[in-house]
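Mind the numbering: the sequence shown is residues 622 to 769 in the numbering used here, read in order.
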Amino acid sequence: MHDGYQSTINAIPQIAAGLASRNLCAGMISPSTGQAVAPSDGGNPGNPASCTATYQRTQQWGDRFNGQVTITAGASAISSWTATVTVTAPQKVSATWNGSPSWDSSGNVMTMKPNGNGNLAANGTTTFGFTVMANGQWAAPSVSCSTP
Numbered sequence: 622m623h624d625g626y627q628s629t630i631n632a633i634p635q636i637a638a639g640l641a642s643r644n645l646c647a648g649m650i651s652p653s654t655g656q657a658v659a660p661s662d663g664g665n666p667g668n669p670a671s672c673t674a675t676y677q678r679t680q681q682w683g684d685r686f687n688g689q690v691t692i693t694a695g696a697s698a699i700s701s702w703t704a705t706v707t708v709t710a711p712q713k714v715s716a717t718w719n720g721s722p723s724w725d726s727s728g729n730v731m732t733m734k735p736n737g738n739g740n741l742a743a744n745g746t747t748t749f750g751f752t753v754m755a756n757g758q759w760a761a762p763s764v765s766c767s768t769p
């Protein structure tokens, strides 16, 4: 899938929900072997202590855009996940909501933890959001999720 196409970005939440409904998870193709591999963060929705993170761009202006991350997790993990959001330099996150953020020393890797305000849904999902100052770079951030 190509993250440069809005139609692809918009389809990801539905794809993730379809995979989760069949106890499957998104993976990747290993660049070294060419084989499909599961995520290393334990992102298997069939495991109640795991989680997956799905990104969607929700709004865009001339200098910034908003993104939303949907966390899907089992009942034992929905309030204990940790999400990692990586933006492409020179992008910077300027605002966040529905989570407790921290950043690495580069300022390009944000770690988000739940703060209880994330629109917890009955289907085991919660969301958080953030604003990215593009600074000329419009690439979608990468997201991942892990559980303790």
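Ideal placement from N, C-alpha and C gives every residue a C-beta, glycine not left out.
Integer Cβ distance of residue i from residue j, believed to fall under 8 Å
| i | j | result |
| --- | --- | --- |
| T717 | F751 | 5 Å |
| T733 | F749 | In the sequence as displayed, the identity of residue 733 is Met instead of Thr. With 8 Å as the limit, M733 and F749 qualify as a contact, their Cβ atoms being about 6 Å apart. |
| V708 | N729 | 5 Å |
| P711 | G757 | 7 Å |
| A755 | R685 | 6 Å |
Closest residue to residue i among the options (Cα-Cα distance)
| i | options | result |
| --- | --- | --- |
| Q680 | G688, V708, S727 | G688 |
| S727 | K713, Q627, I633, W759 | K713 |
Inter-residue Cα distance where the pair is residue i and residue j
| i | j | result |
| --- | --- | --- |
| G664 | S671 | Any reading at G664 must be qualified, since the residue scores a pLDDT of 44, below 50, and its modelled position is unreliable; no value is offered. |
| T673 | I699 | 10 Å |
| A761 | R678 | 8 Å |
| G745 | T703 | 15 Å |
| T693 | T747 | 7 Å |
| W682 | S701 | 33 Å |
| T629 | Q635 | 10 Å |
| S765 | W759 | 19 Å |
| G720 | Q627 | 25 Å |
| S767 | G695 | 12 Å |
| P769 | N736 | 16 Å |
| V690 | A632 | 14 Å |
| W724 | T675 | 20 Å |
Three-way DSSP call (helix, strand, coil) for residue i in this model
| i | result |
| --- | --- |
| T629 | helix |
| W759 | coil |
| A674 | strand |
| Q680 | strand |
| Q689 | strand |
| A638 | helix |
| W702 | coil |
| G728 | coil |
| T717 | strand |
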